[in-house]
Amino acid sequence: MKVMFIVYHDIRTEARSQEILECAKKLGETIFVSYSKPFDYMNVKHIITGNGSRNYFAFIIESINAIKEENPDVVILHDEYTAIILKWLVKHRKNTFIIYDSSELYIDRKPQSIKMKIASFMGYYEKKYLKYADIVISANIERAKIMKEYFNLNEIPIVFDNVHRIDDDYDVEECNKKFGHLFADDLFCIVYAGGIKKQRMTFELAKAVGELGKNYRLIVVGASTEQDKKRFYNMLQDENITNVFYEGFIQRNELRYMFSRAKVSVSAFAQDTVNNINCASGKLYESLFEGTPILTSENPPLKRICSDYGVGVSNNNFKEGILELEKNYNYYRNNVYEYIKNIDVNSRIDKLASIINERLQLNNK
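Residue numbers for the sequence shown follow the working numbering, so the first one is -17 and each next one is one higher.
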């Protein structure tokens, strides 16, 4: 069986896409189509779109051409960037088994720019044609329930959570030289890997840690625009916050080091859109796998994880949440160890591949 996986992300930095690719490889001979090469490109045929540049129109045209040339039995599409390809498959490839993996859920955005207006067309095609996909995959149960109703699906999507673990090794001595000065045994150090973004509540978190004082420290890592970074630094200066540090984008192995050194990590999203309200970042799990409890906003998936497993605190009042974690730190840390010892990351991929194989066999009867 020939399987084609089409994704408009840099797979080298997108853990979910890496896992879906591993699942595809378990299904059959795999062809990967994107503007970036996968890590394991020696064992996967890859078709690079746009000569390796992030060119969306080239991606669409060359992906459709790849389907015509390779004639795969199964096509796996990832997120609404591929919704136009979904439409083409429904119209022109009746016998192709279509799998659609959704890691985002942009169903209520209000376009305010040309880029967002283009994105709204993708959403239109997704809503019109997703019900024709043979399998739909969602990132959590909250999203799956919303998707079944919104997209008028015959059944609830398969849930494939963003349970990621960073396996990349790091050089302790090198990381200590770069970041060791940020951590101290007498400080309650908090790591936030969401970058500086309004919808990630970075500003609110920084203010909360600033109010807690010198015995607490927030270390922010991740991407930021120059505009957001300037606003962030201005806020720190205006509020006289001296215990918050921004380290910018770091490598995954360095992030693992950060999580292992932190007392707590944070996963937070604004409660302003369906996508943000129902978000559960893979970084949350990456922290847990390093034995580090979590502080989260009160978004349903994040609140569920904290309440069901006791691995952290879900509280939009970040100051209260941090103090609660500090007060009962051993309780939360012990719960983290109990939780992660029962998770087998690789078995999740095997289970997803098994479910897909069962559906394929039923489809061929």
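We treat Cβ as the ideally placed atom computed from N, Cα and C, and that holds for glycine.
Check your understanding: Got a sec? Which residues, its chain only, sit under 6 Å from M(-17) by beta carbon, not counting five neighbours each side?
Key -> G10, D55
Exercise for review: Alpha carbon to alpha carbon, how far is D61 from Y239? Give it in angstroms, no decimals.
Suggested key: 30 Å
Point to revise | Start and end residues, alpha helix (DSSP H) containing E11 | key: Not the alpha helix (DSSP H): E11 falls in the beta strand (DSSP E), residues 11 to 16.
Practice item. Counting only the same chain and skipping the five closest in sequence on each side, list residues whose C-beta sits under 7 Å from that of N(-3). Key: Residue identity check: residue -3 is Ala in the sequence provided, not Asn. For A(-3), where only same-chain residues beyond five positions count, the Cβ hits under 7 Å are H146, G264.
Review point. To the nearest whole angstrom, what separates the beta carbons of T278 and S296, a pair I think is in contact under 8 Å?
Key: 5 Å
Review point. What is the residue span of the beta strand (DSSP E) that S296 lies within?
Key: 294 to 296
Review point. When burial is assigned at 16 or more other CB atoms within 10 Å of the CB, is D332 buried or exposed?
Key: exposed
Practice item. State the Cα-Cα distance for the pair V191 and S336, rounded to the nearest angstrom. Key: 45 Å
**Study point:** Under 8 Å between C-beta atoms of S249 and I232
**Key:** No. Outside cutoff.
Exercise for review: Report buried or exposed for S(-1), applying the criterion of at least 16 other Cβ atoms within 10 angstroms of its Cβ.
Suggested key: buried
Review point. Using the C-alpha atoms, what's the distance from N235 back to I148?
Key: 7 Å
Point to revise | Three-way DSSP call (helix, strand, coil) for Y111 in this model | key: helix
Review point. What are the complete beta strand (DSSP E) segments, minimum 3 residues, inside the stretch 205 to 262?
Key: 226 to 228, 246 to 249
**Study point:** CA-to-CA distance, D151 to E272, given in whole angstroms
**Key:** Looking at the two C-alpha atoms, the distance is approximately 12 Å.
Review point. Per DSSP, what kind of secondary structure is R199 in: helix, strand or coil?
Key: In the structure shown, R199 sits in a strand (DSSP, three-state: E or B).
Review point. Using the rule of at least 16 other Cβ atoms within 10 Å of the residue's Cβ for burial, across every protein chain shown, is V154 buried or exposed?
Key: exposed
Practice item. Measure the alpha-carbon distance for V15 versus K73 and round it to whole angstroms. Key: 20 Å
Exercise for review: Could you spell out the range, first to last residue, of the alpha helix (DSSP H) harbouring K393?
Suggested key: Shown here, the chain extends from -17 to 347; a query on residue 393 therefore has no answer.
Review point. Got a sec: is the Cβ-Cβ distance from I338 to anything in chain C below 8 Å?
Key: Included in the structure is just one protein chain, with no chain C present.
Check your understanding: If you draw a straight line from the alpha carbon of N328 to that of F142, how long is it in whole angstroms?
Key -> 12 Å
Exercise for review: Under 6 Å Cβ to Cβ from A48, same chain only, skipping five residues before and after it: list those, please.
Suggested key: V15, I29
Point to revise | Candidates S102, N53, I66: closest to F79 by CA position | key: N53
Point to revise | Nonlocal neighbours in the same chain, by C-beta distance under 8 Å from I223, ignoring five residues either side | key: So the list reads A188, K189, V191, G192, M217, once near-sequence residues are dropped.
Check your understanding: In the structure shown, what three-state DSSP assignment does L135 receive?
Key -> coil
Practice item. Assign T278 to one of three DSSP states: helix, strand, or coil. Key: strand
Practice item. Pull up the distance between the alpha-carbon of I172 and that of Y267, whole angstroms please. Key: 16 Å
**Study point:** Pairwise C-alpha distance: K309 and E348
**Key:** The structure shown has nothing for residue 348, since the chain only spans -17 to 347.
Check your understanding: Out of curiosity, what's the CA-to-CA distance linking S77 and Y114?
Key -> Ser is not the amino acid found at residue 77; the sequence shown has Asn there. About 12 Å.
Exercise for review: Can you grab the Cα-Cα spacing for the pair N197 / F133, in whole Å?
Suggested key: So the two alpha carbons sit approximately 49 Å from each other.
**Study point:** Reference F170, options F103, I58, L307, closest by Cα
**Key:** Nearest C-alpha to F170: L307.
Check your understanding: Can you give the Cα-Cα distance for N25 and N33, rounded to whole angstroms?
Key -> 21 Å
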